[in-house]
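All remarks here apply to the structure that follows.
Numbering (our numbering), first residue to last: 75 to 366.
Written out as C-alpha cells, the structure is:
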C-alpha cells in the first residue's frame, strides 16, 4: 500500500480509539511498529489480525505479493515490536510459527478471515503467520524506580526462561536425523534476539543515566555500581557472541549456541540478583515516573 494511504489509516485509528472507515470499517485492525532491519527507525503499518488458540496473530500476506512485506523482514531482525490495539499500546515479541503449528494456525486464520486463503492461492511463497507474544512483566503497579527495575528484570527473566526451556526441549527431542528441523528454529531465535535486544537497552540506560545519578547522590554505592558496570561489560561480550550465532535465520551451530546460552544465563541470573540486593532499598525511595 502507498505510504500516504497507510498514514491516513494510522491517523484515523489513533484519533478514534482504533476504529476506522473505508475498506477496514468493522474489521479487526491493529497498528504494528517495527524497527528497520538496517536503519533501526520505527515503521508503523495497519494490519488485520485474528485471535486463535488464545493467540494474537498477523499474517505477512502483502495481499499475495511474491515477496514478504518489509515489516516482516524487520521483525526477523528485531523481534521486539510495538502493538496498538484499540486504545491499548504494548510491547510484544514477534515469533513466526513454523511447521505443523504454522499450518494449524493458518487454517484457523482462514476460517476467521477467508481472504487470506485467496492471498495464499495467488503466490508460491508460504505466507508467514506471526504470533505477537505479550511478555511477562509482573503486571505490578509502578510507583518507584525499584518497581521499574523489577519490571525490567521480570521481562528479562521471562525471555531467558523461554530460550532455555525451548533449547533444552529441542535437544531432548533426540539426535539430528530424527525428524527435527536443522538448526534451532525461529521460536528460539526470536526469543533470544528479543532477550539480547532488551539487555542492550536496559544496560545502556543504566550506564548512561541511573548509575551516574546514584553515584552522585549515594556515594556509598560506588563500589557496587562499579561492580555492576563491569558485569554489564562481561554480559555484553557474551550477548554479542550469541547474536553472532543468530545472524542467519537458522542457528548453524546448535551445540555452541547451547553452551554460550548457559554461560550467559549463569552470569545474567547472578547479576540480576546482585543488582536487586544492592539497589532496590535505595530505588524504593525514588518515585517513578519522576516528579517535577
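Backbone N, C-alpha and C define an ideal beta-carbon position, used for all residues, glycine too.
Predicted, not measured: the structure shown is a model, and the values here were computed from it.
Give me, in chain order, the residues of the same chain whose beta-carbon lies closer than 8 Å to that of residue i; leave out the 5 immediate sequence neighbours on both sides.
{"i": "residue 337", "result": "312"}
{"i": "residue 244", "result": "254, 258, 259, 262 and 328"}
{"i": "residue 223", "result": "349, 350, 353, 354 and 357"}
{"i": "residue 341", "result": "305, 308, 309 and 312"}
{"i": "residue 237", "result": "262, 265, 266, 269 and 335"}
{"i": "residue 361", "result": "217, 218 and 219"}
{"i": "residue 205", "result": "129, 130, 131, 168, 169, 170, 171 and 179"}
{"i": "residue 316", "result": "266, 270, 331, 334, 335 and 338"}
Would you report the Cα separation of residue i and residue j, rounded to the nearest angstrom?
{"i": "residue 89", "j": "residue 293", "result": "48 Å"}
{"i": "residue 255", "j": "residue 330", "result": "Low local confidence applies: a pLDDT of 49 at residue 255 is under 50, so the model's placement there is unreliable, with the coordinate-based value given in what follows. If I take the Cα positions, the gap works out to 17 Å."}
{"i": "residue 94", "j": "residue 115", "result": "26 Å"}
{"i": "residue 182", "j": "residue 126", "result": "6 Å"}
{"i": "residue 189", "j": "residue 365", "result": "50 Å"}
{"i": "residue 128", "j": "residue 304", "result": "42 Å"}
{"i": "residue 239", "j": "residue 273", "result": "19 Å"}
{"i": "residue 276", "j": "residue 346", "result": "12 Å"}
{"i": "residue 81", "j": "residue 118", "result": "9 Å"}
{"i": "residue 310", "j": "residue 153", "result": "19 Å"}
{"i": "residue 227", "j": "residue 344", "result": "12 Å"}
{"i": "residue 84", "j": "residue 99", "result": "13 Å"}
{"i": "residue 279", "j": "residue 131", "result": "31 Å"}
{"i": "residue 177", "j": "residue 301", "result": "49 Å"}
{"i": "residue 335", "j": "residue 321", "result": "15 Å"}
{"i": "residue 216", "j": "residue 164", "result": "15 Å"}
{"i": "residue 282", "j": "residue 175", "result": "42 Å"}
{"i": "residue 319", "j": "residue 171", "result": "21 Å"}
{"i": "residue 191", "j": "residue 184", "result": "6 Å"}
{"i": "residue 79", "j": "residue 124", "result": "22 Å"}
{"i": "residue 161", "j": "residue 145", "result": "22 Å"}
{"i": "residue 387", "j": "residue 242", "result": "There is simply no residue 387 to check, as the chain begins at 75 and stops at 366 in what is shown."}
{"i": "residue 96", "j": "residue 120", "result": "13 Å"}
{"i": "residue 229", "j": "residue 173", "result": "27 Å"}
{"i": "residue 291", "j": "residue 359", "result": "12 Å"}
{"i": "residue 113", "j": "residue 221", "result": "32 Å"}
{"i": "residue 363", "j": "residue 314", "result": "31 Å"}
From the DSSP output, read off the bridge partner residues of residue i.
{"i": "residue 157", "result": "106 and 164"}
{"i": "residue 169", "result": "205"}
{"i": "residue 361", "result": "218"}
Closer than 7 Å: is that where the CB of residue i sits relative to any heavy atom of the ligand HEM?
{"i": "residue 351", "result": "No copy of the ligand HEM occurs in the structure displayed, which carries no ligand at all."}
Quick one: residues in its chain with C-beta nearer than 6 Å to the C-beta of residue i, no 5 flanking neighbours on either side, listed in chain order?
{"i": "residue 86", "result": "94"}
{"i": "residue 180", "result": "203"}
{"i": "residue 111", "result": "147, 148 and 151"}
{"i": "residue 92", "result": "160"}
If you drop the 5 nearest sequence neighbours on each side, which residues of the same chain put their C-beta closer than 7 Å to that of residue i?
{"i": "residue 122", "result": "101, 102, 103 and 187"}
{"i": "residue 299", "result": "285, 288 and 289"}
{"i": "residue 193", "result": "135, 137, 138 and 201"}
{"i": "residue 167", "result": "153, 154, 207, 209, 264, 265 and 268"}
* Which whole runs of the alpha helix (DSSP H) in the segment 278-305 are 4 residues long or more, in chain order? -> 285-291
* Counting Cβ pairs closer than 8 Å, one from the segment 266-276 and one from the segment 227-240, do we hit at least three? -> yes
* Unbroken stretches of the alpha helix (DSSP H), 4 residues or longer, contained in the segment 186-239 -> 189-195
* Asked: Considering only residues of the segment 80-156, which uninterrupted alpha helix (DSSP H) runs meet the minimum length of 4 residues and lie entirely inside it, listed in chain order?
  -> 144-151
* If you pair each beta-carbon of the segment 155-171 with each one of the segment 93-109, do three or more pairs fall below 8 Å? -> yes
* **Cβ contact (3+ pairs, closer than 8 Å) linking the segment 137-147 and the segment 183-197** => yes
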